[in-house]
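These notes are about the structure you will find just below.
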Amino acid sequence: MRAYSAVATIVALSMLASTAVALPLPGLNGETTNMIPVVGRVFPEPLATNDYIGYKEAIAGLNFLNRTYPDRVEFIKIGKSVGWMNRLTNQRDPSDVFIVEVTNEKSAIPKEDKIQLLFMLSIHGNEKGGREGGLRVVEDFAKGNVGVAQEKPDLVKLLDYFLLVFLFSNADGWTHDEPEYYGPGGTMYTRGNANGVDMNRQWPTSGFMANDRSHRTVSEPEIKAATEYLKDHYKNIKYASDIHGMLNPADDKGAPTPVSPGGAGGQPRVNQNFPTQAQNWANNKDKGHFILGMLPAGQLSQVETARVTRLGELVRERLSAHEFTRAWTTSPSLGPWGGPNFVRWGAVWETIGYQVSGGSHDWFVSDRGLNAPSFSFEMSYNHIVCDAMYPGCGAAMNYFHVNAVRQIVATFMEAATKDFQVSFEANGHRTAYVVNPKVLTSEQDRAPEGWSAEYPGDDRWQYNQTPYRATTNDFFTDFAQFVREGDKPGVFDALNQADVKAEVLAKYDNLVIAGSAYEQIRGSGVHINAIDAWVKAGGNLVVTDTALGLAAELGLVPGDSVTSTQTYMGYTDVIELKHQLATDMIGFSRQTFEGVPLGYQHTQRGSPNWYIRADAVKAKGTVVGVVGDAAEGVAQSNPSQANYGVLNLGEGKVTFLGALLPDPTTEHYHPYGLVSYATTYAALVAVGHGVRTLCMSDLL
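Under the working numbering, the residue at position 689 of the sequence shown is numbered 1018, and the numbers go up by one with no gaps.
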């Protein structure tokens, strides 16, 4: 790969700001002044100011908009932050945590009945782009004739029907740039609050929850205020998003951090060695995206998965084609980090190389949270980069961040106007699945440990008040609702152990045996012989997870060729991109299940992934995808370990996927229960191809 100068990158992008007059933000020490008419805005455009918007300036500006446009903007204080120690007074100064609502109060539709869209902005205080963009969007819609409201006037009309909710949850990370709090030798903005806690590990999500301070759910006042207010006031959220920033494009090994502050003599330091965090296997030329979209981790039904992936595609289409992105996608100094797609999306591990427990957008999508499909974002060069260097570097990057947020909000509004329906056309194929006898319930669970044991009343989602029943069978009962044969329900039946016999199997074209459902027939000559005869006669057998062992019982591969490995998350690296099982996959399409909501640890190789030795597969079929030694931030594939492919048997075939529906686990502490399944977009594409129905990507 050709090496490009990071300084050249910034020089090229900084040319965007070369004609702007550097003006201060309106107001001094939080007071609005007659500077506002000079720039024409309360919150100036990124290239028409010389600094990021300070917390006090934001409060003053929002109060001004609230007073001036009371029918469009409502400024709501919902709680207090921990607060920094004031170096002048030696006392803590808690700051307001707040929400800004934008709608048309004059419309006949009550606020609680409107379509609600939630945007949480800069929960990590040093990731400034979310709040920078959000503040401009609020003003755009308040005035109705500037910014995105001027570009897309139809969106202003939608405020009759929409309620836009902007949550500013991390006041401390924002206020740290104030002189009375900022100490020498550190960054001006901070990731966490004044307790040093990462507040995006604080949300009460399903699955394993670590017991260090950052993972003590709702222990910080900011998140307690946010969760309680959101649950109490918003019952009709159509989509939710958490807008983050990242240091540089996480999906490209060669993308450098443009500059890092603090070099010798105050000069920027070039950093060209930021490590690889993810790999885009689908197209090695299309990587290093400025924005990475992230799907939530949880039990998303097929329709919910289709909605969020369609949303991701809309965002990609809109931002990649927009006028403001051309400076990025066409700049020669960006080399491989530019390109036709400003945005790429996928599961969290696919995009940024790691997963968390207690993340906000996983809580947004969960039944215990807001039950709102969520789609979140990481925007490049939005971290420590340009922390204290706004002119040039900061202005150029902020230009992209602000305009990206504008288009994200606009696209969410557009998507929310559509009544998106999902169905899987059976195309005449009749499908059955074998029932998994394993069911986990809260009654079998371990006693509370750690934070919940120490503080039994810590919050309203207390562990022993949230019973659950987790079984992978739920995946199939949910899936069956969307299988159609024309305008009628398609055939998608559950089979018990006694049903696995020749006369019953003869009624079906597809048979799915997933994970521990294999226990119903393992070692049973009667059942194995019935399946063998059925496949040889033309049946299509799909096996997943531990059920890959059936390939050995059918005599297709040696018994010692089937085994398992532990990976960071469930995944497959597709190596045969033109195979029918891999066609139409979009996004990164690598990860097949999320381990955290199922109870698997994300701090190590904690998720089970089954595979068949590749040479054994090739003797009887085709290897489509492989699995390797994948840990956090590592994207290694092992061509000898096939976990996705096809084995031929007589007139039929056996399709296998080694990571789809593992049983949830109670091995680790999980104070907010477990889900039954946590499949991803890529997994649903694979299942759709495997059972020969309309696949997921055809719905987008």
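All C-beta atoms, glycine included, are put in the ideal place defined by N, C-alpha and C.
Predicted model only: the values in this text are computed from it and were never measured.
Non-local C-beta neighbours of Leu-879 in its own chain, meaning closer than 7 Å and more than five positions away in sequence, comprise Ile-842, Tyr-847 and Val-872, ordered along the chain. If you check the CB distance, Gly-844 and Thr-801 come in under 8 Å. Rounded to the nearest whole angstrom, the CA to CA distance from Tyr-1001 to Gly-888 is 39 Å. Around the beta-carbon of Gly-454, 16 or more other beta-carbon atoms lie within 10 Å, marking it buried. In the DSSP assignment, Gln-445 forms a beta bridge with Leu-492 and Ile-566. Counting other Cβ atoms within 10 Å of its Cβ, Met-726 reaches 16 or more and is therefore classed as buried. Within the region 630 to 695, the runs of beta strand (DSSP E) at least 3 residues long that lie entirely inside it are, in chain order, 672 to 676.
The distance from the Cβ of Tyr-563 to that of Leu-464 is about 21 Å, inconsistent with a contact at the 8 Å cut-off. No Cβ-Cβ contact shorter than 8 Å links Asn-972 with Gly-950. DSSP places Leu-834 within a helical segment (H, G or I) once states are collapsed to three.
Closest in C-alpha terms to Val-429, from the list Glu-403, Ser-893 and Ser-436, comes Glu-403. Here the alpha carbons of Asp-838 and Gly-868 stand approximately 5 Å from one another. In the structure shown, Phe-470 falls within a helical segment according to DSSP collapsed to helix, strand and coil. Within the model, the alpha-carbon separation for Pro-669 versus Lys-409 is close to 43 Å. Counting along the chain, no alpha helix (DSSP H) covers Met-623; the unbroken beta strand (DSSP E) around it starts and ends at 620 to 624. Per DSSP, the unbroken alpha helix (DSSP H) holding Phe-729 starts and ends at 724 to 745. Ranked by how close their Cα comes to the Cα of Thr-994, the residues Tyr-384, Leu-699, Pro-508 and Val-768 have Val-768 in first place.
By the Cβ rule, the region 541 to 556 does not count as touching the region 704 to 718, because fewer than three pairs are nearer than 8 Å. For Thr-896 against Ala-809, the beta-carbon gap comes to about 29 Å, at or over 8 Å, which does not count as contact. Residue pairing from DSSP leaves Met-718 without any beta-bridge partner.
Pairing Ala-523 with Gln-684, the inter-Cα distance amounts to about 24 Å. In the displayed model, Arg-421 falls within a strand according to three-state DSSP. The straight-line gap separating the alpha-carbon atoms of Ala-635 and Phe-704 is approximately 12 Å. Check the Cα spacing between Thr-534 and each of Pro-926, Asn-938, Val-1016 and Gly-521: the tightest is with Pro-926. Here the alpha carbons of Ala-881 and Gly-957 stand approximately 21 Å from one another. Contact fails between the region 468 to 480 and the region 747 to 766, because fewer than three Cβ pairs, one in each stretch, are under 8 Å apart. Distance check between Val-467 and each of Phe-922, Asn-392, Leu-986 and Val-975 places Asn-392 closest, using alpha-carbon atoms only.
Residue environment analysis places Gly-854 among the exposed positions, since fewer than 16 neighbouring C-beta atoms fall within 10 angstroms of its C-beta. Note that the C-beta distance between Asn-499 and Met-517 is not below 8 Å. Collapsing the DSSP output to three states places Trp-532 in coil. Note on geometry: alpha-carbon atoms of Asn-977 and Leu-885 lie some 8 Å from one another. Residue environment analysis places Lys-947 among the exposed positions, since fewer than 16 neighbouring C-beta atoms fall within 10 angstroms of its C-beta. Under the 8 Å Cβ criterion, the region 857 to 864 does not count as touching the region 899 to 912, having fewer than three qualifying pairs. The DSSP-derived three-state label of Gly-627 is coil.
Distances from the alpha-carbon of Leu-877 to those of Leu-986, Arg-639 and Lys-443 put Leu-986 closest. Rounded to the nearest whole angstrom, the C-alpha separation of Leu-906 and His-505 is 48 Å.
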